[in-house]
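Residue numbers (the numbering used here): 1470 to 1898. Glycine is no exception: its CB is placed at the ideal position from the N, C-alpha and C atoms. These figures come from a predicted structure and were not determined experimentally.
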Amino acid sequence: MTTKLAIYGGTPVRNRPLPLPFPGASVYGEEEKRAALDVIGRQSPFRYYGADVAGKTKQFEIAFSERIGCGYALGVTSGTAALVVALKSLGIGPGDKVIVPANTFIATANAVVMAGAVPVFADIDDSLNINPNEIGRLAEADPSVKAVIAVPILGNPCEMDKVMEQAAKHKLKVIEDVAQSCGSRYKGMHSGAFGDMACFSLQMNKIITTGDGGIVVTNQAELYERAVRYHDQGFFRDKELFEGMAVADVPFAGQNFRMSEINGAIALEQLKKLDGIIAAMRAIKRRIKDGIRGVQGIAFRKINDEEGDAGNALVMMLPDAQIASRFHDVLNAEGITASVLYEGRPVYMHEHVMQRRTADRDGFPFNFFTDFPSYKVGMCPDAEQLLPRCIAISLSPVFQESDADDVIKGILKAAEGLLSEGDQGQVHH
Ligand SMILES: Cc1ncc(COP(=O)(O)O)c(C=O)c1O
């Protein structure tokens, strides 16, 4: 039997698209609808006052802090806002540098700049997350480095014991940017429960979503107070809820990053579904991995804690960038939607990062340093080498086993076809 690859005109493995890569949104249902309508019915979409405020945002914060295992959680408007709030709560600003992993979404680096500090980039390892050894190297090279942001990428927890050890050694603050990995765990503890502060996103393609939204968590009362004030024009409106809490009670200028009651109500319903979403994605991921294990030329990224993987993406590593790019094209032609992770580029390759271009005058905040070294290609060689080799398939809780089986078929067909490219894609059985 001969199977021609779809890219050469053969029949694709799949004609219908795979389920969309929106885990939380794909399980929206009556619960979210009722929750949003209840807020509208009360004519009270603002968390702090209104005709009949249900307190949904507060309830969500309490439920989320309990779930993650942190003392305090604060709903905000986005994951990016959460990062800015965390940085400002920790007192990071002009004159400070913050370690950002080379592999992350641009928001992590942008937020550092929005806080008035500048990013320095850490290389990654085979997990595609920060290489903890980089923390010491960067901190020792520069006393302006004050904090590190650890980013568990696509469900894969960071090695937080090593990150925390390195950070403690060099007296750095730790922020976890858990935007992509809500519900992931490392050694039994939730991502987000390790650092001084952690940030989550509720944006559309996240594991739970309100369309847009974010959460900041911390165990430290004084950081929580600063976060609340920063996100609400310097106010701390419901401090009476925190009896016995050591409150500094000193207002300062802040922003408006408040979460609305409609978002809070939907977030509360999504949180109830988090375990189910993760269990379903993990089962699908396991099925696909088992189905393609041992295929020559396909490796998987290292998962730092298999038990704690949120399961929202399957990431395959191909032998080199050229094969990966070809594999990507072949898979997509078979109807298996796959992407090259971040177009194969570390985050510092974004033009505005390389050029240190900001919206501010005179290159602020980079102009705070007279001797700021240029960012350059080659800064993080492992990221530059690994990322173009990585192909990701996004999973969601509504994948059926038949969808997983199509993914397996597509990957096996692509792998076999690619190995016989000289054959014009004819796969011989
Ligand atoms: C790692 C990471 N950090 C931060 C963000 C920003 O979150 P948001 O889009 O909610 O601002 C995202 C995703 O969008 C992300 O993937």
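At a cut-off of 8 Å, is residue i close to ligand 1 when judged by its beta-carbon and the heavy atoms of the ligand?
i, result
"residue 1789", "no"
"residue 1863", "no"
"residue 1739", "no"
"residue 1495", "no"
"residue 1668", "yes"
"residue 1682", "yes"
"residue 1724", "no"
"residue 1648", "yes"
"residue 1550", "yes"
"residue 1557", "no"
"residue 1574", "yes"
"residue 1622", "yes"
"residue 1577", "yes"
"residue 1580", "yes"
"residue 1765", "no"
"residue 1547", "yes"
"residue 1810", "no"
"residue 1689", "no"
"residue 1671", "yes"
"residue 1899", "Nothing about residue 1899 can be reported from this structure: the residues present for the chain run from 1470 to 1898 only."
"residue 1845", "no"
Hey, quick one: how far does the beta strand (DSSP E) through residue i stretch, first residue to last?
i, result
"residue 1566", "1566-1570"
"residue 1851", "Premise fails: residue 1851 lies in the alpha helix (DSSP H), 1850-1855, not in any beta strand (DSSP E)."
"residue 1784", "1782-1786"
"residue 1687", "1683-1687"
"residue 1692", "Premise fails: residue 1692 lies in the alpha helix (DSSP H), 1690-1700, not in any beta strand (DSSP E)."
"residue 1673", "From DSSP, residue 1673 is part of no beta strand (DSSP E); its letter is neither H nor E."
"residue 1590", "1587-1591"
"residue 1543", "1541-1545"
"residue 1863", "1859-1863"
"residue 1618", "1614-1619"
On a Cα-Cα basis, can you pick out the residue from the options that is closest to residue i?
i, options, result
"residue 1733", "1604, 1501 and 1783", "1501"
"residue 1576", "1618, 1592 and 1541", "1618"
"residue 1620", "1886, 1555 and 1569", "1569"
"residue 1863", "1835, 1836 and 1785", "1785"
"residue 1869", "1480, 1812 and 1487", "1487"
"residue 1756", "1841, 1873, 1664 and 1673", "1873"
"residue 1855", "1827, 1842 and 1809", "1809"
"residue 1791", "1849, 1780, 1860 and 1852", "1860"
"residue 1848", "1831, 1513 and 1588", "1588"
"residue 1749", "1650, 1818 and 1867", "1867"
"residue 1805", "1477, 1632, 1481 and 1473", "1481"
"residue 1738", "1514, 1529 and 1596", "1529"
"residue 1505", "1524, 1601, 1683 and 1554", "1524"
"residue 1701", "1515, 1489, 1823 and 1475", "1515"
"residue 1726", "1708, 1683 and 1712", "1683"
"residue 1629", "1835, 1665, 1759 and 1696", "1665"
"residue 1527", "1511, 1544, 1536 and 1537", "1544"
"residue 1534", "1512, 1632, 1595 and 1688", "1688"
How far does the alpha helix (DSSP H) with residue i in it extend, from its first residue to its last?
i, result
"residue 1728", "From DSSP, residue 1728 is part of no alpha helix (DSSP H); its letter is neither H nor E."
"residue 1508", "1499-1510"
"residue 1646", "Residue 1646 -> not in any alpha helix (DSSP H); beta strand (DSSP E) instead, spanning 1642-1646."
"residue 1533", "1525-1537"
"residue 1631", "1629-1638"
"residue 1552", "1548-1558"
"residue 1578", "1575-1583"
"residue 1775", "First-last for residue 1775: undefined, no H or E at that position."
"residue 1820", "1820-1823"
Quick one: what's residue i bridged to in DSSP?
i, result
"residue 1768", "1786"
"residue 1599", "1593"
"residue 1655", "1658"
"residue 1445", "In the structure displayed, the chain extends from 1470 to 1898; residue 1445 sits before or after that span and is not available."
"residue 1809", "1860"
Cβ contact check for the stretch 1483-1502 and the stretch 1708-1720: 3 or more pairs under 8 Å: The count of Cβ pairs closer than 8 Å, one atom from the stretch 1483-1502 and one from the stretch 1708-1720, stays below three, leaving the stretches out of contact.
Assess, as a yes-or-no matter, whether the stretch 1658-1670 is touched by the stretch 1584-1594 under the definition of 3 or more beta carbon pairs within less than 8 Å. Contact fails: fewer than three Cβ-Cβ distances are below 8 Å.
Determine, using beta-carbon pairs with one atom in the stretch 1732-1746 and one in the stretch 1674-1681, whether at least three such pairs fall under 8 Å. In short, these stretches touch, since the Cβ pair count reaches three.
Tell me whether the stretch 1622-1630 and the stretch 1768-1782 touch, counting them as touching only if at least three CB pairs, one residue from each stretch, are closer than 8 Å. Touching, yes.
Using 8 Å as the cut-off, can you tell me whether the stretch 1794-1803 makes contact with the stretch 1639-1650, which would need three or more C-beta pairs spanning the two stretches below that distance? No, they do not touch.
Would you be able to state if there are at least three C-beta pairs under 8 Å between the stretch 1681-1699 and the stretch 1557-1566? Yes, since at least three Cβ pairs between the stretch 1557-1566 and the stretch 1681-1699 fall closer than 8 Å, the two stretches touch.
I'd like to know if the stretch 1756-1769 and the stretch 1665-1673 are in contact, where contact means that at least 3 CB-CB pairs between them fall below 8 Å. At 8 Å Cβ cutoff, the stretches do not touch.
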